[in-house]
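K.L.:
My questions will all concern the structure given below.
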Amino acid sequence: MKIKSYFARTVEDAMALARQELGPDAMLVNSRKAAPEARSLGEYEVVFAADPAPLPAPRPAEAGPASGERLSKEVAELKRELEGMRRALTRSAFAPSQWMSSSPDLSEAYAALTANEVAPDLAREIVQSAAVRAAGPRRPVSGGPARQDGEALQRALAEELESRITAEPLLGRGETRPRIVALAGPPGCGKTTTLVKLAVNYGLAARRPVLLLSMDTYRVAAAEQLRSYAAILGVGFHVIETTGALAQAIEENRGKDLIFIDTPGFGFGDMDHAAPLARFLAARGDIDTQLVLSCSMKSADLTRMVDSFASFQPQRLLFTKLDETGSFGPILNEAARTGKPLSFFGAGQRIPEDLETASRRRVSELVLAGHSVRALSAA
Ligand SMILES: Nc1nc2c(ncn2[C@@H]2O[C@H](COP(=O)(O)OP(=O)(O)O)[C@@H](O)[C@H]2O)c(=O)[nH]1
Ligand SMILES: [Mg+2]
């Protein structure tokens, strides 16, 4: 037997070359994308085996329908094979690494995280680090037992997850008074609702003098919503049209303890209008700008939204509508990606009850909820 490779731009061409030289009885051994060093010869390589004395190239008369049929059969077979290879490659590129798929606990944990919309890269990182952490110093993961200690792994997952985020359920920056908080974010994400919740819980409930300022003068009646709340709560309220007026209002209310600034919702298309306010807030070292984000947003849109609010230089991320979703991965994704602390969570429409302080523990509970490695192991 003689083994010979043929290179060409396509598999079909390479096979035609081989058949021409070796005749119809040569056997196809392998076909693949050419190795990089052989790429100059052709994109694809087919390997044929034939008897040592190569048969003469078939004369046109012999290359009749029979050999043509055979060729196309082989090509069809090759195509199937290539498709199989492509699928296998795709699977291994997106699947967790080898050792992860060798451990049911780890792959279950990875699946649970990604099902909760944790970004695949982050999920992989967390599971891998958790596996190392759970294995402890004397039990390296590679070649270790396929089945982890379920409880240790569960704990390690939470620890790894929590180590990637921070929480600061705070209002204002540092110790300076008044504490000034601006809530920014897309339309309908819950800025006004959350502002009132915060004003009640941290202002009125603590008997601290509060002032509410609304800059939401774009939409009809938007400021009126806050005006009525201010009236009900009996706190000061002003509608502010410009950043200059905002600076002045802050100056005139230095005696207050808490100043909340409600801002218009800016969507992807409105960012040009947002520029003056974004510049103002970014430049004010005394204003705590919190970016309000709804958990019910699709995670890709959420990421885009966070990026488009970068010019506001928000101090913290505030997630709302936790009650409207079952997938909490995006909270983790954005907190880990931006490195910004999480401040508060809105978890319902009721004012002021549906407000929570953010904590790392809460996030890991939400993200890992329903996932217990132990339970899965026992199953
Ligand atoms: N389910 C739920 N709804 C919320 C939450 N926060 C705000 N909302 C609702 O979302 C809608 C828009 O809220 P609003 O505060 O006006 O959003 P804004 O445009 O960002 O000021 C209102 O119907 C709110 O009641 C929350 O945490 N959960
Ligand atoms: Mg509003």
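In my numbering, the protein residues as written are -7 to 371. Even glycine gets a Cβ: it sits at the ideal position worked out from N, Cα and C.
Quick one, what's near ligand 2 if you take every residue whose CB is closer than 7 Å to any heavy atom, in chain order?
P.N.:
Qualifying residues, in the order they occur: K183, T184, D208, A214, Q217, D254, G257.
K.L.:
Helix, strand or coil: which one does DSSP assign to L360?
P.N.:
Here the question's residue 360 lines up with position 368 in the sequence shown. Three-state result, L360: helix.
K.L.:
Who does H230 pair with in a DSSP beta bridge?
P.N.:
Counted from its first residue, the sequence shown places residue 230 at position 238. DSSP output for H230 lists L205 as bridge partner(s).
K.L.:
Considering N325, what are the terminal residues of the alpha helix (DSSP H) in which it resides?
P.N.:
As a position in the sequence shown, residue 325 is number 333, starting the count at 1. Its alpha helix (DSSP H) spans residues 321 to 330.
K.L.:
Would you decide whether F260 is buried or exposed? Buried here means 16 or more other CB atoms lie within 10 Å of its CB.
P.N.:
Mapped onto the sequence shown, residue 260 falls at position 268. Exposed: under 16 other Cβ atoms inside 10 Å.
K.L.:
What is the rounded straight-line gap between the Cα of L33 and the Cα of V39?
P.N.:
Numbered from its first residue, the sequence shown carries residue 33 at position 41. Numbered from its first residue, the sequence shown carries residue 39 at position 47. If you take the alpha carbons of L33 and V39, they lie about 14 Å apart.
K.L.:
In chain order, what residues of the same chain have a beta carbon less than 7 Å from the beta carbon of A350, not counting five sequence neighbours either side?
P.N.:
Taking the sequence shown and counting its residues from 1, one reaches residue 350 at position 358. Once the five neighbours on either side are set aside, the close Cβ partners of A350 are A159, P161, L334, S335, F336, F337.
K.L.:
For A150, which residues in the same chain have their Cβ closer than 7 Å to its Cβ, ignoring the five residues on either side in sequence?
P.N.:
Taking the first residue of the sequence shown as position 1, residue 150 is located at position 158. Result list for A150: S356, L360, in chain order.
K.L.:
Could you tell me if N325 is buried or exposed, where buried requires 16 or more neighbouring beta carbons within 10 angstroms of its beta carbon?
P.N.:
For the purposes of this step, residue 325 is taken as the residue at position 333 of the sequence shown. With 16 or more Cβ atoms within 10 Å of its Cβ, N325 is classed as buried.
K.L.:
With burial defined as no fewer than 16 other Cβ atoms inside 10 Å of the residue's Cβ, what is the status of M289: buried or exposed?
P.N.:
Looking up residue 289 in the sequence shown gives position 297. The residue in question, M289, is buried, as its Cβ has 16 or more Cβ neighbours within 10 Å.
K.L.:
Kindly examine ligand 1 and report whether one of its heavy atoms sits closer than 6 Å to the Cβ of C287.
P.N.:
Mapped onto the sequence shown, residue 287 falls at position 295. No, ligand 1 has no heavy atom inside 6 Å of this Cβ.
K.L.:
For E4, which residues from the same chain have a beta carbon less than 7 Å from its beta carbon, with the 5 sequence-adjacent residues on both sides left out?
P.N.:
By 1-based counting over the sequence shown, the position of residue 4 is 12. Closer than 7 Å at the Cβ level, and outside the excluded window around E4, lie V67.
K.L.:
Quick check on L358: buried or exposed, where buried means 16 or more other Cβ atoms within 10 Å of its Cβ?
P.N.:
What you label residue 358 is simply residue 366 of the sequence shown in a count that begins at 1. Classification for L358: buried.
K.L.:
With 16 other CB atoms within 10 Å as the buried threshold, where does R1 fall?
P.N.:
Your numbering for residue 1 matches position 9 in the sequence shown. R1 comes out exposed.
K.L.:
Can you say whether R83 is buried or exposed, counting buried as having 16 or more other CB atoms within 10 angstroms of its CB?
P.N.:
Locating residue 83 in the sequence shown gives position 91, where the first residue counts as 1. Only weak support exists for where R83 lies, its pLDDT of 49 falling under 50; the coordinates are left without a value.
K.L.:
Since I253 contacts M207 with CB under 8 Å, what's their CB separation in whole angstroms?
P.N.:
Locating residue 253 in the sequence shown gives position 261, counting from the first residue. Locating residue 207 in the sequence shown gives position 215, counting from the first residue. 6 Å between Cβ atoms; contact.
K.L.:
Using the DSSP secondary-structure output, state which residues sit across from Q282 in a beta bridge.
P.N.:
Position 290 of the sequence shown, counted from the start, is the residue given in the question as residue 282. According to DSSP, which records beta bridges pairwise, Q282 is partnered with L175, R308.
K.L.:
By how many angstroms is the C-alpha of S23 removed from the C-alpha of A71?
P.N.:
Along the sequence shown, one-based indexing puts residue 71 at 79. Along the sequence shown, one-based indexing puts residue 23 at 31. Strictly speaking, residue 71 in this sequence is Lys, with Ala absent from that position. The alpha-carbon atoms of K71 and S23 are separated by roughly 10 Å.
K.L.:
Taking the continuous alpha helix (DSSP H) assigned at R11, which residues delimit it?
P.N.:
Stepping through the sequence shown from its first residue, residue 11 is reached at position 19. That run of the alpha helix (DSSP H) goes 3 to 14.
K.L.:
DSSP on G318, reduced to helix/strand/coil?
P.N.:
Residue 318 sits at position 326 when you count from the first residue of the sequence shown. Correct three-state label for G318: coil.
K.L.:
For K313, collect the residues of the same chain with a Cβ closer than 7 Å to its Cβ; drop the 5 residues on either side in sequence, then sort them by chain order.
P.N.:
Here residue 313 is taken as the residue at index 321 of the sequence shown, counted from 1. Answer for K313: G182, S286, C287, S288, G338, listed in chain order.
K.L.:
In whole angstroms, what is the alpha-carbon distance linking R353 and E29?
P.N.:
Taking the sequence shown and counting its residues from 1, one reaches residue 353 at position 361. Taking the sequence shown and counting its residues from 1, one reaches residue 29 at position 37. Computed Cα separation, rounded: 52 Å.
K.L.:
Go through its chain and collect everything with a Cβ distance to P268's Cβ below 7 Å, but skip five positions before and after it.
P.N.:
As a position in the sequence shown, residue 268 is number 276, starting the count at 1. These residues qualify, in order along the chain: T235.
K.L.:
Keeping to the same chain, check which residues put their C-beta closer than 8 Å to that of R62; ignore five residues upstream and five downstream.
P.N.:
The residue given as residue 62 occupies position 70 in the sequence shown. Answer for R62: P16, listed in chain order.
K.L.:
Mapping the DSSP letters down to three states, classify P48 as helix, strand or coil.
P.N.:
In the sequence shown, counting from the first residue as 1, residue 48 sits at position 56. Note that P48 scores a pLDDT of 48, beneath 50, so its modelled location is shaky; the value from the coordinates is reported in the next line. Residue state, collapsed to three classes: coil.
K.L.:
What does DSSP give as the partner residues of T349 in its beta bridges?
P.N.:
To locate residue 349, count along the sequence shown from 1; it is residue 357. Paired residues: F336.
K.L.:
Does R222 pass the burial test, meaning 16 or more other C-beta atoms within 10 Å, or should it be called exposed?
P.N.:
As a working note, residue 222 is residue 230 in the sequence shown. In the sequence on display, residue 222 carries Ala and not Arg. Classification of A222: buried, given that the 10 Å Cβ count is 16 or more.
K.L.:
With A168 and D278 assumed to form a contact (beta carbons below 8 Å), what rounded beta-carbon distance in angstroms separates them?
P.N.:
Locating residue 168 in the sequence shown gives position 176, where the first residue counts as 1. Locating residue 278 in the sequence shown gives position 286, where the first residue counts as 1. Checking the sequence shown, residue 168 turns out to be Thr, not Ala. The pair is a contact, with the Cβ atoms about 6 Å apart (cut-off 8 Å).
K.L.:
Thinking just about the alpha-carbon of each residue, which of S319, V284, A127, H230 is nearest to the one in S95?
P.N.:
The count along the sequence shown starts at 1 and reaches residue 95 at position 103. Nearest C-alpha to S95: A127.
K.L.:
Is the beta carbon of A215 sitting closer than 7 Å to the one on V202?
P.N.:
Numbered from its first residue, the sequence shown carries residue 215 at position 223. Numbered from its first residue, the sequence shown carries residue 202 at position 210. Cβ atoms of A215 and V202: not closer than 7 Å.
K.L.:
Any idea if Q12 is buried or exposed, counting beta-carbon neighbours within 10 angstroms, 16 or more meaning buried?
P.N.:
Within the sequence shown, residue 12 is the residue found at index 20, counting from 1. By the neighbour-count rule (16 or more Cβ atoms within 10 Å), Q12 is not buried but exposed.
K.L.:
Starting from I(-5), follow its DSSP beta bridges and name the residues at the other end.
P.N.:
As a working note, residue -5 is residue 3 in the sequence shown. Per DSSP, A41.
K.L.:
Excluding the 5 residues preceding and the 5 following I(-5) in the sequence, name in chain order all residues of the same chain whose CB lies nearer than 8 Å to its CB.
P.N.:
What you label residue -5 is simply residue 3 of the sequence shown in a count that begins at 1. So the list reads V21, V39, F40, A41, once near-sequence residues are dropped.
K.L.:
CA-CA distance, Q305 and D346?
P.N.:
Along the sequence shown, read from residue 1 onward, the residue named residue 305 stands at position 313. Along the sequence shown, read from residue 1 onward, the residue named residue 346 stands at position 354. Those two C-alpha atoms are separated by around 26 Å.
K.L.:
Taking the straight line between their C-alpha atoms, what separation do you get for S99 and R165?
P.N.:
Taking the sequence shown and counting its residues from 1, one reaches residue 99 at position 107. Taking the sequence shown and counting its residues from 1, one reaches residue 165 at position 173. If you take the alpha carbons of S99 and R165, they lie about 42 Å apart.
K.L.:
Where do the ends of the beta strand (DSSP E) carrying D378 lie?
P.N.:
Outside the shown range of the chain, which is -7 to 371, sits residue 378, and nothing can be said about it.
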